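Heads up, the thing below is written out as structure tokens.
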Amino acid sequence: MGTHKRSPVVLLLASLTFLLFSFAQFCRAVNDTIKQGETIRDGHSLKSENNYFQLGFFSPVNSTSRYVGIWYTFDQKAVVWVANRKSPISDRNGVLRIEVDGKLVLRDGNNKLVWLAPVTSSANNTAARLHNTGNFVLSRNDSIDDSDANTALWQSFSNPTDTFLPGMRVPVSSKIGVSNPYRSWKSATDPSPGNYSMGVDPNGGQQIVIWGKEGRRWRSGQWNLQFFIGIPYMSNNVSSFHGFKISLPDETGTMYITYKPPTQDLFRFVISWEGKERQLKWDDDKKWLPLQSEPDPDNKCELYNYCGNYATCDRSNSRRICNCLEGFKPKFKDQWDQENWSAGCERKIQLQCQSTNRTSRENGKPDGFKKLKCTKLPDLATLLPSEENTEACGKRCLENCQCKAYAFVTGIRCMVWTGDLIDMQHFQQFQQAGNFPFFYRLHHSELDGGRKISNLVIVIICVVVASFLVASLWLLWRYKKKVKVSSMPCCKDKDVAIFDVSKSKRKEFSADLSGPSDILIDENQDNGPELPIFNFGVVAAATKNFYEGNKLGQGGFGAVYKGELPGGKEIAVKRLSGSSGQGLEEFKTEIILIARLQHRNLVRLLGCSIQGEEKLLIYEYMPNKSLDNLLFDATKKAELGWRSRLDIIEGIARGLLYLHRDSRLRIIHRDLKASNILLDAEMNPKISDFGMARMFQGNQNEANTVRVVGTYGYMSPEYAMEGLFSVKSDVYSFGVLLLEIVSGQRNTTFRSSDHTSLLSYAWRLWSEDKAMDLVDPSIRDTCSPNEVLKCIHIGMLCVQDSAVHRPTMAAVVLLLESETPTLPMPTKPTYTFLRSAIEEEYIGDAQEIVSSNDLTVTVIVGR
């Protein structure tokens, strides 16, 4: 009877025990962490907190072998990492565990060791966690929630298989033997190491290379800080790749591949088992879509050096895919005729500098260079970063007879080739990617038109045909000239003229309007761009006769209006006022500078208009207006998350680096501030307002002016008080702007209980290890503390009183792109500029600006 009464209790306890056990198993199935002494058996798994990634045992299609891997929870076929790819388990008795000594191991059903995570240092009391990024990290139990990779004992991101995920920071260096860390699967159903590997070029080039059994199979071309110049579709889709970086080599020669996507979309980069490099994005239709056009398996031009040396591969050529460079001929013509291109081409005429005849070599006409465009630049270039423009680069190459070719590429600078020219490809559809002029060396006779044809009949025919062609081409030229003038979709021939910057009287165009007109644009430079000059009536109609409702802002030199051309294109029109102080020379200077400067982080000038006293500049319209419109507005600043702010900081830095070092003109902006940073539809920053910019000659580092122009709070001490300016003046302004972006406060209106300057306030917080208190409260909880503190540190370095102590923009870009840079200690900024009543009045009346110069001009007399 007693037993009878206890039966329900026993059953209840048994049921509760079963439920608790089942619940524990369920919790384990959705847990993201495994701790020391715990196991994951075949059939169980870990899931990341965001439910994007899952770690467990799997079998490829048509296979019974078991592997431990990581895949997407919504697409189990998309495996991104495999642990035991060389040693599959034959049954379902495998166990992944952290053993008593803290090691992460995989064992089979017989307790045989199958795989071991190689740790950087021994430790007990460890745990492993599957992070939201897909990174499986082994660390000490007390730092398991730390996202800092430096605390990891081992992580899957540092030991990748065939997939590159956002958030990875992969070291690549020939010195440490990990230049090709990615290895393809052997087949679509076999994850064991395949025939192809991918990594950064161990020869020192900042390019991605895929290797096969025979050596190089494909390469991306050099990284120019924005895209790989050998991947044509990448230049047309920069926004999708924004955040992908290859860092410059550190002191050990190590570079790092990193990718931080600009959006919350899911991306992955894969080297497929066929040896193809693919970038994939998860779309709204629940499938992976390539960011580029699907690779064509029949595109032989993608194969490394398919056409051999001194030849270009052009798949658009219907006659033959391979063609020798002009001045070269097939090395073996019979093989060439049979479409066996591998032997490549050779010179028709030996170079003058290589002549065995000493008299001919020393007294003959020198060699020259042939220009080639829309071409994937050859492999194995030597970089000469000290050369600052195309002319200097070409001079260095000409002085060395072993130099076969040269090119000057923004973001890379001078590239020369002393070996054979290999792996070249002609880009037919993607002009921008190959739009880096490439100059290769030829004998002077090849440049003069080659050997003369002596056949009299051909000469007579050519003369007759040429006469007809000249007339036809002249008519065609006249027609194309009109078409080019009407490049804007709205404008008729009578509405627009062409202003050729290169052919104008440049000696009238002073590059510095604050002092003597002694720095001029070189008359011997290559022809500059042609710039449309709009009919004033067309622009007036586009802005509804400068209707007040279309007014976007009021700058120091006039108003800015939004306009819409008849074709629907939106523009921003800067109308200079007669009392603005910017005369015709300043106007011309701004036209010349912006027309010649081409960079994704600089504003683009569409045209101009001059009629009597009216002077108009027509810019691309920026839908997100200027940075200060969002940054300093309490209701809008939340739209600028930390990721957007960091991208803006890096974009401004790259734009300044282009102005200071990488452009053909060396430019000092002199008025960098938040209202002169415009934001396009994708929040990409663009530097504007070049009316007060100054050009420097190649060897000039500093200049002096008696008329100081700029904006309170942004001018460096040496410029405001002594009239001295240099690239370091812009660095100071950048530092102020950086601190404003982090803090969300304007330097010129900053007030606190004991500080009248944002810089002094930032210094106090930074020196007291309270720098996070400077961060804008709207982003403080969502920002990355490491990134924020690094930016504040860089900002303090930039605003040091002494120009000598400030870093260059090249150093700033390097520090921003480095994950763990070694930063010097800054000195205290003691310079504080006293505000005047004029400034206070200006600040009180400040208005937003969208696509033109919002310039405050101030004359300062130093004591």
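Using mature numbering (1 follows the signal peptide of the UniProt record, and there is no 0), the letters of the sequence shown map in sequence onto residues -29 to -1, 1 to 834.
The beta carbon of each residue, even a glycine, is placed where N, CA and C say it ideally should be.
Model, not experiment: these values are computed from the prediction.
| With a Cβ-Cβ cutoff of 8 Å, do S155 and W52 count as a contact? | Cβ distance not < 8 Å, so S155 and W52 don't count as in contact.
| task | Let me know the secondary structure DSSP gives M692 once reduced to three states. | result | DSSP places M692 in the helix class (H, G or I) of the three-state scheme.
| Taking just the CA atoms, how far does L75 sit from A88? | In this structure, the CA atom of A88 is about 6 Å from the CA atom of L75.
| query | Which of helix, strand or coil does DSSP assign to K271? | reply | Assignment of K271 by DSSP, reduced to helix, strand and coil, places it in the helix class.
| message | Could you compute how far the alpha carbon of K341 sits from the alpha carbon of L322? | response | One C-alpha to the other measures close to 13 Å.
| Rounded to whole angstroms, how far is the Cβ of D747 from the Cβ of V713, which I believe are closer than 8 Å? | With a Cβ gap of about 7 Å, D747 and V713 count as contacting.
| Exposed unless 16 or more other CB atoms sit within 10 angstroms - verdict on Y377 | It counts as buried.
| query | Taking the continuous alpha helix (DSSP H) assigned at T361, which residues delimit it? | reply | In the DSSP annotation of this structure, the continuous segment of the alpha helix (DSSP H) that includes T361 starts and ends at 361 to 370.
| field | Proximity below 8 Å, CB of L760 to CB of A782 | value | Against a cut-off of 8 Å, the Cβ pair of A782 and L760 comes out as no contact.
| request: Could you tell me which residues DSSP pairs with P142 in its beta bridges? | output: The partner list for P142 (beta bridge, DSSP) reads Y227.
| Whole-angstrom distance between I41 and G27, CA atom to CA atom | G27 and I41: Cα-Cα distance of roughly 7 Å.
| field | 8 Å Cβ shell around L355 - same chain, five flanking residues per side excluded | value | Taking C-beta separations shorter than 8 Å and ignoring five residues to either side along the sequence, the partners of L355 in its chain run C364, R367, R384, C385, M386, V387, following chain order.
| message | According to DSSP, simplified to helix, strand and coil, what is F721? | response | F721: coil per DSSP, three-state reduction.
| said: Rounded to the nearest angstrom, what separates V430 and A282 at their Cα positions? | reply: Their Cα atoms are separated by approximately 30 Å.
| said: Along the chain, where does the alpha helix (DSSP H) containing A192 start, and where does it finish? | reply: What sits at residue 192 in the sequence shown is Gly, not Ala. Element bounds for G192: n/a, residue is neither H nor E.
| request: Return the first residue and the last residue of the alpha helix (DSSP H) that Q306 is part of. | output: Run containing Q306: 304 to 308, per the alpha helix (DSSP H) assignment.
| task | Count the other C-beta atoms from every protein chain shown that fall within 10 angstroms of the C-beta of G315, then say buried if there are 16 or more, exposed otherwise. | result | Label assigned to G315: buried.
| task | Evaluate Q178 with the Cβ neighbour count: other Cβ atoms within 10 Å of its Cβ, from every protein chain shown; 16 or more gives buried, anything less gives exposed. | result | So Q178 ends up on the buried side.
| What do you get for Q235, buried or exposed, if any count of 16 or more other CB atoms within 10 angstroms of its CB means buried? | Result: exposed.
| By a C-beta neighbour count over all protein chains shown, 10 Å radius and 16 as the cutoff for buried, is F410 buried or exposed? | Burial call: buried.
| message | Quick check: the Cα distance between C284 and I562, rounded to an integer number of angstroms? | response | Rounded to the nearest angstrom, the two C-alpha atoms are 39 Å apart.
| request: Per DSSP, which residues does A378 bridge with? Please list them. | output: For A378, DSSP records a beta bridge to M386, F409.
| task | Note down the Cα distance separating P162 from V32, rounded to an integer number of angstroms. | result | If you take the alpha carbons of P162 and V32, they lie about 11 Å apart.
| query | Start and end of the beta strand (DSSP E) containing I638? | reply | Unbroken beta strand (DSSP E) run through I638: 637 to 639.
| task | Counting only runs of 3+ residues fully inside the segment 57 to 140, write out the beta strand (DSSP E) ranges in chain order. | result | You should have 66 to 69, 75 to 78, 84 to 87, 97 to 101, 107 to 111.
| request: Assign E535 to one of three DSSP states: helix, strand, or coil. | output: E535 falls in the strand class under three-state DSSP.
| Ends of the alpha helix (DSSP H) at G662? | Annotation: G662 is outside any alpha helix (DSSP H) and is labelled neither H nor E by DSSP.
| request: Indicate the three-state DSSP secondary structure (helix, strand or coil) for W312 in the structure shown. | output: Three-state DSSP puts W312 in coil, outside helix and strand.
| query | By Cβ distance below 6 Å, which residues in the same chain neighbour F407 in space, the five residues on each side in sequence not counted? | reply | Here the set comprises A378, V380.
| field | Burial state of D740, where buried means 16 or more other Cβ atoms lie within 10 Å | value | Its Cβ having fewer than 16 others within 10 Å, D740 is exposed.
| Local conformation of W445 per DSSP, three classes | Helix, per DSSP.
| What do you get for W445, buried or exposed, if any count of 16 or more other CB atoms within 10 angstroms of its CB means buried? | Classification for W445: exposed.
| message | Helix, strand or coil for K474? Go by DSSP, reduced to three states. | response | Low confidence applies here, because K474 scores a pLDDT of 43, under 50, leaving its location unreliable; read the following figure in that light. Of the three classes helix, strand and coil, the one that applies to K474 here is helix, per DSSP.
| task | With a 10 Å radius around its C-beta and 16 neighbouring C-beta atoms as the bar for buried, classify N174 as buried or exposed. | result | With fewer than 16 other Cβ atoms within 10 Å, it is exposed.
| Between A609 and the rest of its own chain, which residues show a CB-CB distance below 7 Å, the 5 nearest in sequence each way excluded? | Cβ neighbours of A609 within its own chain (closer than 7 Å, five residues either side excluded): S749.
| Okay, do the segment 533 to 541 and the segment 626 to 636 touch, 3+ Cβ pairs below 8 Å being the bar? | In short, these stretches do not touch, since the Cβ pair count stays below three.
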